[in-house]
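Throughout the sequence shown, residue numbering follows the numbering used here, covering 11 to 333 in sequence.
Written below as structure tokens is the structure these notes are about.
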Amino acid sequence: MTAIRNNWTREEIAAIYNKPVLELIYQAASVHREFHDPQEVQVCTLLSVKTGGCPEDCAYCPQAARYHTEVKVQKLMEVNEVIEKAIEAKEAGSTRFCMGAAWREVRDNRDFDKVIEMVKGVNSMGLEVCCTLGMLTPEQAQKLKDAGLYAYNHNLDTSEEYYDDIITTRTYKDRLDTLSHVRKANISVCSGGIIGMGEQEDDRIGMLLTLATLPEHPESVPVNALVPVEGTPLEDQPKVSVWEMVRMIATARITMPRTMVRLSAGRVRMNLEEQALCFMAGANSIFAGDKLLTTPNPGYIKDQEMFQQLQLTPRKAHKEVIA
Ligand code: SAM
Ligand code: DTB
Ligand code: SF4
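Below you can see the structure in the form of structure tokens.
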């Protein structure tokens, strides 16, 4: 039986990451089978409830106000519009609904009150509600929990060492502090990062090391391939190869066996065989729907075809399983 460990060393993680790739997949697939049903994939839907105009300088992000991208600024959506989108997502088979806002942090204002109403509404539909709203105080985390928030997404994005090359308007510590506030409020933690931003392999290993040595592993770890967007500083970054995605996913799977590992941004540039390799390497969650926050994603129909081909089934909402 594989033990859950929080005392991984950089050397151990590097040794896993650098294994001959087929051995790595085999080991990850074995751990995956100990902890999960390999036929099940969690289907999550994203909705950008407040888009663009963000004061931060995240080099990858099309929503940062300072870069000139095609993203149009949209103020916070109305609660009823969000509920309609959640109904569509549920009908299409999604069990988790994640609302994203292009904010640096949550402020205690009317917009936050509206988000609280959105959380209550989506929660009452039997969906797992997730939010990604930027930094949170412990009190804000508790308010979200009380409204029925199931999970909070807050990515580390990269290693502590490379962080300053990507974002200067907040620190790595700020990110870790928010994660700890989320954890303390008993909200499920979703935290991962992006590859393909010009980082070294050491940075990828460093990010996994931070995640895998948190006091408790995040319940989900999204692995995003950079979606290069025109107008952002990273617009010309070359595409990451499937083997890099596979190494990240497999290393996350082996070091954090119980975690849901999400094959996140970047699927539009992967074919079915490449995605199948990622599932083999331990990915067991995806974002569905034709849009992520602002960039394209394979639509529900395409994913339905993929599930049929690979004989995968969407995982039931955690809440339904408990009920
Ligand atoms: N503003 C909040 C924040 O930064 O935490 C929430 C929304 S933000 C868009 C959520 C995450 O999306 C980022 O942490 C980053 O990992 C991911 N992301 C943004 N732009 C991306 C891109 N072009 N390619 C891949 N992932 C991206
Ligand atoms: C995550 O790790 N990936 C999602 C979600 N968490 C919020 C966001 C991906 C965004 C890709 C760029 C866009 O569509 O704007
Ligand atoms: Fe703003 Fe989040 Fe984009 Fe950074 S990643 S610019 S904080 S929306």
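Note that the Cβ used here is the ideal one computed from N, Cα and C, for glycine as well.
Residue i, enclosing alpha helix (DSSP H) - first and last residue
| i | result |
| --- | --- |
| residue 216 | 211 to 222 |
| residue 288 | 282 to 290 |
| residue 156 | 148 to 157 |
| residue 276 | Residue 276 -> no alpha helix (DSSP H), and no H or E assigned at all. |
| residue 36 | 31 to 45 |
| residue 239 | Note, residue 239: premise wrong, no alpha helix (DSSP H); not H, not E. |
| residue 253 | 252 to 265 |
| residue 249 | Unbroken run through residue 249: none, as it is neither H nor E. |
| residue 226 | Taken as a continuous stretch (DSSP letters only), residue 226 belongs to no alpha helix (DSSP H), as it is neither H nor E. |
| residue 131 | 120 to 134 |
Identity of the residues DSSP links to residue i by a beta bridge
| i | result |
| --- | --- |
| residue 167 | 203 |
| residue 94 | BP columns for residue 94 are empty, so no partner. |
| residue 26 | DSSP output for residue 26 lists no bridge partner at all. |
| residue 374 | The question about residue 374 has no answer here: the residues shown for the chain are numbered 11 through 333. |
| residue 301 | 306 |
| residue 115 | 145 |
| residue 162 | 141 and 199 |
| residue 323 | 50 |
| residue 84 | 61 |
With 16 other Cβ atoms within 10 Å as the buried cut-off, status of residue i
| i | result |
| --- | --- |
| residue 209 | buried |
| residue 327 | buried |
| residue 14 | exposed |
| residue 244 | buried |
| residue 285 | buried |
| residue 313 | buried |
| residue 192 | buried |
| residue 17 | exposed |
| residue 251 | exposed |
| residue 319 | exposed |
| residue 232 | buried |
| residue 12 | exposed |
| residue 218 | buried |
| residue 61 | buried |
| residue 282 | exposed |
| residue 246 | exposed |
| residue 78 | exposed |
| residue 216 | buried |
| residue 81 | buried |
| residue 49 | exposed |
| residue 90 | exposed |
| residue 321 | exposed |
N- and C-terminal bounds of the beta strand (DSSP E) containing residue i
| i | result |
| --- | --- |
| residue 235 | 230 to 235 |
| residue 188 | Here residue 188 belongs to no beta strand (DSSP E); instead the alpha helix (DSSP H) covers 182 to 194. |
| residue 270 | 270 to 273 |
| residue 138 | 138 to 142 |
| residue 337 | Not covered by the structure: residue 337. The range shown for the chain is 11 to 333. |
| residue 52 | 50 to 60 |
| residue 295 | 295 to 298 |
Cβ of residue i within 8 Å of any chain B Cβ
| i | result |
| --- | --- |
| residue 144 | Going by chain labels, chain B is absent from the structure shown, which holds only one protein chain. |
Residues proximal to the ligand SF4 by C-beta, any heavy atom closer than 5 Å:
64, 66, 68, 71, 73, 74 and 112
Three or more beta-carbon pairs under 8 Å between the stretch 67 to 84 and the stretch 291 to 299, yes or no?
no
Check whether the stretch 197 to 211 and the stretch 229 to 236 are in contact - that is, three or more C-beta pairs closer than 8 Å.
yes
Contact between the stretch 94 to 105 and the stretch 46 to 62: three or more CB pairs below 8 Å?
yes
Should the stretch 297 to 304 be called in touch with the stretch 14 to 25, which here means at least 3 C-beta pairs below 8 Å?
no
Taking three-plus beta-carbon pairs below 8 Å as touching, is the stretch 305 to 313 in contact with the stretch 264 to 272?
no
Any contact of the stretch 85 to 96 with the stretch 256 to 268, i.e. 3+ C-beta pairs under 8 Å?
no
At least 3 beta-carbon pairs within less than 8 Å: the stretch 163 to 176 vs the stretch 129 to 136:
no
Count Cβ pairs between the stretch 147 to 157 and the stretch 183 to 199 that sit closer than 8 Å; are there 3 or more?
yes
Is there contact between the stretch 218 to 227 and the stretch 32 to 45, where contact requires at least three CB pairs shorter than 8 Å?
no
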